[in-house]
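Chains as they are written, first to last, in my numbering: chain A, 637 to 746; chain B, 637 to 746. Think of the CB as a built atom: it goes at the ideal place given N, C-alpha and C, for glycine as much as any other residue. One structure is given here, and the rest of the page talks about it.
Number of protein chains: 2
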Amino acid sequence: MSENYDDKKIDHLVRNVSEDELSDLAELFKIFGDSTRIKILYDLFDGEKNVSEICEDLEMNQSAISHQLKILKTSKLIKSRRDGKAMIYSLADDHVKVIIAMGKEHVEEG
Amino acid sequence: MSENYDDKKIDHLVRNVSEDELSDLAELFKIFGDSTRIKILYDLFDGEKNVSEICEDLEMNQSAISHQLKILKTSKLIKSRRDGKAMIYSLADDHVKVIIAMGKEHVEEG
DNA sequence: TAAACATATGATAATATATTCATATGAATG
DNA sequence: CATTCATATGAATATATTATCATATGTTTA
């Protein structure tokens, strides 16, 4: 993470958002809006992990995890690299942490 | 908005999130993950509006809007007050702006 | 190169969700 | 107090989504 977010920056960011951008935003948030996916993302806060590790951490079967990994990757929230037989996944950027942190604050204060 | 979000604060916020909290977070993000709802939220960035105004802005029928307003209110993202026959809605807190701003940044950079 | 291992994928079934339509509630007004 | 206006709500339908099962793909190793 490399940036600060203050009132001024926030206000600038939310000015003049087009209808298309709002739809894109909805699509992005939909990705976070599933507990399996958000658990995967949070699992990757520790650093990169392969599919088997994620399955163990979440106690879910491999197919379900792979399906969700694909959705996360298509959304560019995670990236992957191959290491022998294994595929290793990691967070694609720091926005994931920021977005989840904001959400957490809202949930805590509600 | 009254706070700054820097790396340190973000890291603190995302430490030790329980499974239940992650599920709550998923539920919260699910609310943002629908284009009608996010358009309503963005519409309210201008300030408070009644149901009819929101219907006009979004060019959608009243029942659909009311159903979504109820979901947004249950999630504590908006609040309402009565003014005569009209119900007037507004954003419940500033996290909404911050969350949407973060999402927008991600979408723009993708 | 056949077998074993790790992951991905397609089809299916179960569940959740959004919008519409019809109608109910609640407030203002003639 | 009957009517109109504004909003809410319930039921139904249409669509989307998730997990599971079976199987395919790709990589290593005996």
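1) Output needed for residue 638(A): all residues of its chain with C-beta closer than 8 Å, excluding positions within five of it in sequence on either side, in chain order.
2) Is residue 682(A) close to chain B? Criterion is C-beta to C-beta, closer than 7 Å.
3) Helix, strand or coil for residue 723(A), going by three-state DSSP, please let me know.
4) If you measure between the beta carbons of residue 671(A) and residue 728(B), is that distance less than 7 Å?
5) Between 687(A), 712(A) and 739(A), which has its C-alpha nearest residue 700(A)'s C-alpha?
6) Taking only three categories from DSSP, how would you classify residue 644(A)?
7) Are there three or more Cβ pairs, one per stretch, closer than 8 Å when the stretch 638-652 of chain A is compared with the stretch 733-743 of chain B?
8) On a CA-only basis, which of 725(A), 682(A) and 707(A) is nearest residue 653(B)? Give me that one, please.
9) Using a Cβ cut-off of 7 Å (strictly closer), state whether residue 705(B) contacts chain A.
10) Any Cβ of chain A within less than 7 Å of the Cβ of residue 656(B)?
11) Tell me the DSSP secondary structure of residue 659(A) in three-state form.
12) Please list the residues of the stretch 662-681 of chain A that have a C-beta atom closer than 7 Å to any C-beta atom in chain B, keeping them in chain order.
13) Span of the alpha helix (DSSP H) holding residue 737(B)?
14) Along the chain, which unbroken stretches of the alpha helix (DSSP H) at least 4 residues long are found entirely within the stretch 678-703 of chain A?
Inspection of the coordinates gives the following:
1) Residue placement at residue 638(A) cannot be trusted, given a pLDDT of 45 that sits under 50; the coordinates are not used to answer.
2) no
3) In this structure, residue 723(A) counts as strand in the three-state DSSP scheme.
4) no
5) Among 687(A), 712(A) and 739(A), the Cα nearest to that of residue 700(A) belongs to 687(A).
6) helix
7) With a cut-off of 8 Å, the stretch 733-743 of chain B and the stretch 638-652 of chain A count as touching, because enough Cβ pairs lie within range.
8) 682(A)
9) Chain A contact via Cβ: absent.
10) no
11) The answer is helix: DSSP assigns residue 659(A) an H, G or I state.
12) 662, 664, 665, 666, 668, 669, 670, 671, 674, 675, 678 and 681
13) Taken as a continuous stretch (DSSP letters only), the alpha helix (DSSP H) holding residue 737(B) covers 731-745.
14) 687-694
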